[in-house]
Amino acid sequence: MSASTSRFSLPGTPSPFHRRPARWLALVPLALALASGCSREAAPVANAQDDPMSDAVSAAAPAEAAFDSRLSIVDNNGMLRFDGTVDSDAARKTITEAIGAAYASDRVSGGVTVDGNARPAPWLHGLAPFLAGFKAPGAAISFRADTIELSGQVAADQRGRLETLARTHFPGLRLSGLFAGQDGDADPAIAALAALHPQSPAHGVESALNKMAIGFEQGSAKIAPASLAVIAQAGQTLASMPADRRVEIAGHAAASGDPDADALLSRRRAEAVKVQLIVNGVNPGMIETLASDGGAATGTQADQVTFRVLN
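Residue numbers (the working numbering): 596 to 906.
Set out below in structure tokens:
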């Protein structure tokens with residue numbers, strides 16, 4: 596069955612087609628080499644009348660793969676942008692009505708696509724009351740399957756408020772991203788970073804930064820959602836320090852056999868962390884990035900970043 600899709604925007608908006616938020620980082624293109632060893636001679640085609648299974652095989656065409664419904668919402672200083680894909684018109688209506696009840700139509704842009712191959716969304720029921728209290732300029736929230744991820748620039752007190760709101764309206768769903776790490780004692784790195792002050796010596800700042808275990812998706816510069824909370828704390832801490840402080844971020848990647856690709860991935864990882872620090876208030880001029888030792892790393896440094904405080 597081929598899926599039919601459509602776009603939808605809130606009534607009152609100028610157009611249902613809006614530009615989505617820009618990506619911070621570009622993914623590294625993959626070079627694909629395809630080898631083909633097909634024979635030029637066509638195999639004989641059996642007569643359908645001679646093959647009683649042919650009708651059954653024709654009727655059993657493979658179905659298109661199912662995927663999880665998703666929704667992304669960004670509060671850009673009171674202007675809401677959203678996009679997503681759900682399984683039905685009813686689900687789309689639930690989303691647009693929830694957004695319309697929480698935000699004026701002239702402050703909303705976006706659209707939702709309907710695709711019959713999408714799985715039903717388990718987060719629809721609590722969406723309206725959650726969005727009624729979501730108001731958090733700079734925050735982004737995404738829903739996919741049973742996971743709700745908070746990202747963007749969100750102060751610690753706001754993160755706590757939004758976590759309580761999410762747990763109230765989405766019981767049983769998994770919270771990730773900036774929802775994690777609300778209890779600083781549970782993460783030694785968050786506790787160490789929070790204990791720093793503007794005049795902390797360079798060696799103390801460096802030690803605290805290197806307590807962070809920042810994860811990345813395999814073979815990618817995309818930061819794992821579980822690492823967003825500790826990076827947010829690092830950003831808030833560094834933003835409070837003197838403007839002339841300088842920090843170096845070195846990216847690392849496990850050796851793949853392609854040194855150039857390893858070096859590129861390493862640098863992109865360092866830059867991805869820099870972007871998250873900037874989102875959380877750090878002056879871009881405070882941070883330098885590089886690929887350490889050509890990029891490849893082994894042991895505990897593989898697929899990580901390390902920090903050096905220069906002054």
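Backbone N, C-alpha and C fix where the C-beta goes; we use that ideal spot for every residue, glycine too.
Work out the CA separation of residue j and residue i for me, nearest whole Å.
i, j, result
"G841", "A824", "It is Arg, not Gly, that sits at residue 841 in the sequence shown. If I take the Cα positions, the gap works out to 22 Å."
"K688", "T884", "45 Å"
"H613", "S704", "Caution is warranted here: a pLDDT of 44 is assigned to H613, below 50, making its placement in the model unreliable, and the coordinate value is therefore given only provisionally. Computed Cα separation, rounded: 7 Å."
"I809", "D839", "25 Å"
"D898", "I743", "25 Å"
"Q794", "N906", "11 Å"
"L788", "A865", "19 Å"
"F811", "P783", "20 Å"
"L859", "I694", "40 Å"
"V868", "I818", "8 Å"
What do you reckon, are the CB atoms on residue i and residue j nearer than 8 Å?
i, j, result
"I826", "L872", "yes"
"T763", "A713", "no"
"P717", "L768", "yes"
"G772", "P820", "yes"
"N875", "Q831", "yes"
"S861", "S887", "yes"
"R863", "A829", "no"
"D670", "F765", "no"
"A696", "A727", "yes"
"A761", "L719", "no"
Let me know the secondary structure DSSP gives residue i once reduced to three states.
i, result
"A660", "coil"
"S771", "strand"
"D909", "The displayed coordinates of the chain run from 596 to 906. Any statement about residue 909 would go beyond what the structure contains."
"M887", "The identity of residue 887 in the sequence shown is Ser, whereas the question assumes Met. Looking at S887 - three-state DSSP - the assignment turns out to be strand."
"V877", "coil"
"D898", "coil"
"S802", "helix"
"A848", "strand"
"R903", "strand"
"R762", "helix"
"E812", "coil"
### Message
For a minimum of 3 consecutive residues, which ranges assigned as the beta strand (DSSP E) are wholly contained in the stretch 702 to 749?
### Response
703 to 709, 734 to 739, 742 to 747
### Message
I want to know whether the stretch 659 to 668 touches the stretch 723 to 738 - three or more CB-CB distances under 8 Å.
### Response
yes
### the stretch 725 to 736 in contact with the stretch 702 to 712 per 3-pair CB rule at 8 Å
no
#### Entry: Contact the stretch 898 to 905 vs the stretch 790 to 805: 3+ CB pairs below 8 Å
yes
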